[in-house]
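Data block below; observations after.
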Amino acid sequence: MSTASSTDTLPPGLDIKPINGNIGAELRGVALSGDLHPATLKAIQDAVYTYKVVFVRDQHHIDDAQQEAFGRLWGGLVGHPTVPSLGGTEAILDVDGARGERASSWHADITFLDAYPSVTILRPHVLPERGGDTLWGNTVAAYAELPEPLRELADKLWAVHSNLYDYVGDRGSVHKDGLKRYNEVFTSSVYETEHPLVAVHPVTGDRTLIVGHFLRQIIGFGTSDSQRLVGIFNDHVTRPENTVRWHWSPGDVAIWDNRATIHRAVDDYGDLPRIVRRTTVAGEPPVAVDGRRSFTRALGKKPGLAA
Ligand SMILES: O=C(O)CCC(=O)C(=O)O
Ligand SMILES: [Fe+2]
């Protein structure tokens with residue numbers, strides 16, 4: 004893993020422990036807030052861009068307002084374009100398993116928009132007694148390990164991302180009703196965006212794959228060729244060597260680079276309650292290796308739904 008940060012220049016008390024060889028680190032010795040010393044914020048940001056997802060334990064003092072205040076240190080907050088923010092917050096998305104919001108297929112957040120979020124901050128609000136872990140995969144490491152001819156092909160490809168995706172996927176039927184209701188809100192406006200398959204990360208300069216469940220089709224390919232090709236790239240991101248799995252405890256906060264990862268929750272908690280709260284930071288349209296930028300090419304109300 005490339006190291007953008009060096010542990011010898013860390014502010015006193017701050018400690019970064021990588022979790023494995025390719026993704027994830029635990030940050031110790033910091034109390035997150037909206038009022039961090041610039042050197043501390045810089046060290047956290049370097050850690051996120053280096054390890055792609057960073058976990059901070061024992062942040063019991065973080066409530067919705069504090070989570071948003073910490074998020075604002077990274078740039079403007081952005082809410083979800085179709086799902087209302089939690090009451091009383093500017094941009095917190097409440098993800099409630101009881102409403103069918105299980106987030107259990109691989110995705111990066113809101114890639115159906117061109118300027119999709121740069122960074123996501125997530126904390127558990129209600130945790131099940133067992134299960135409900137979250138996994139992240141490193142899309143930079145996945146690109147880097149591809150055979151060169153495949154990297155050259157990937158560099159040239161563009162894909163359509165949409166919020167009108169196969170939301171049931173290969174999931175069981177237990178939460179079908181909640182999922183259906185949620186999907187009606189989720190797709191009340193439909194977005195279609197063209198992204199390069201490979202973008203140059205605006206902070207690290209690394210090449211990264213833009214994949215995940217909002218990717219509908221590689222442009223210029225038929226459906227089955229597109230699916231098989233995307234499968235090859237996805238498999239590199241989600242193989243165990245490029246992933247980290249986090250088992251949540253109360254007080255945890257996860258911060259991830261949404262432009263260098265995909266993630267999913269593990270839907271193994273049945274009817275036990277599980278709610279997580281998410282804050283997303285504004286991003287900018289990705290840039291392909293040839294300098295072209297992503298763009299949202301269609302946006303409309305879903306037919307048959309009230310405005
Ligand atoms: O529930 C989780 O662990 C992940 C939720 C998620 O994907 C999100 O909030 O973006
Ligand atoms: Fe997500």
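First residue of the sequence shown? That's 4 in our numbering, and the numbers climb one at a time after it. Where a beta carbon is used, it is the ideal one built from N, C-alpha and C, also for glycine. All figures in this text were calculated on a predicted structure; none of them were measured in a lab.
Taking 4 residues as the shortest admissible run, the segment 47 to 79 contains the following complete alpha helix (DSSP H) segments, listed from N- to C-terminal end: 67 to 75. The segment 88 to 98 makes no contact with the segment 250 to 257, as fewer than three CB pairs between them are under 8 Å.
With the rule of 3 Cβ pairs closer than 8 Å, the segment 20 to 39 counts as touching the segment 69 to 77. Bounds of the alpha helix (DSSP H) holding Thr142 are 142 to 147. Taking Gly16 as the centre and dropping the five residues before and after it, the same chain places the C-beta of Gly32, Val33 closer than 8 Å to its C-beta, in chain order.
Inter-residue distance for Asp274 and Glu132 is about 11 Å (C-alpha atoms, whole angstroms).
By the 16-neighbour rule on beta-carbons within 10 angstroms, Leu218 is buried. Between Asn245 and Pro84, the alpha-carbon positions lie close to 30 Å from each other.
Per DSSP, His128 is one residue of the beta strand (DSSP E) stretching across 122 to 129. At least one heavy atom of ligand 2 lies closer than 8 Å to the C-beta of Ala106. Straight-line spacing of the CA atoms in Ala301 and Lys20 works out to 43 Å.
In the three-state scheme derived from DSSP, where H, G and I count as helix and E and B as strand, His204 is classed as coil.
Remark: the C-beta of Arg281 is in contact range of ligand 1, defined as less than 8 Å to any heavy atom. Counting C-beta pairs closer than 8 Å gives fewer than three between the segment 278 to 286 and the segment 183 to 199, which falls short of the contact rule. Ranked by Cα distance from Ser88, the options Ala42, Asp67, Phe236 are led by Asp67. The three-state secondary structure of Phe217, taken from DSSP, is coil. Annotation: the continuous beta strand (DSSP E) that includes Val98 extends over 95 to 99. Separation of Ser229 and Gln220 (C-alpha to C-alpha, rounded to the nearest whole angstrom) is 6 Å. Contact check for Arg277 against Val51 fails: the beta carbons are separated by 9 Å or more. In its chain, beyond the 5 residues on either side, Asp209, Thr211, Ala263 have a beta carbon closer than 6 Å to the beta carbon of Val143. With fewer than 16 other Cβ atoms from the protein chains shown falling within 10 Å of its own Cβ, Ile235 counts as exposed.
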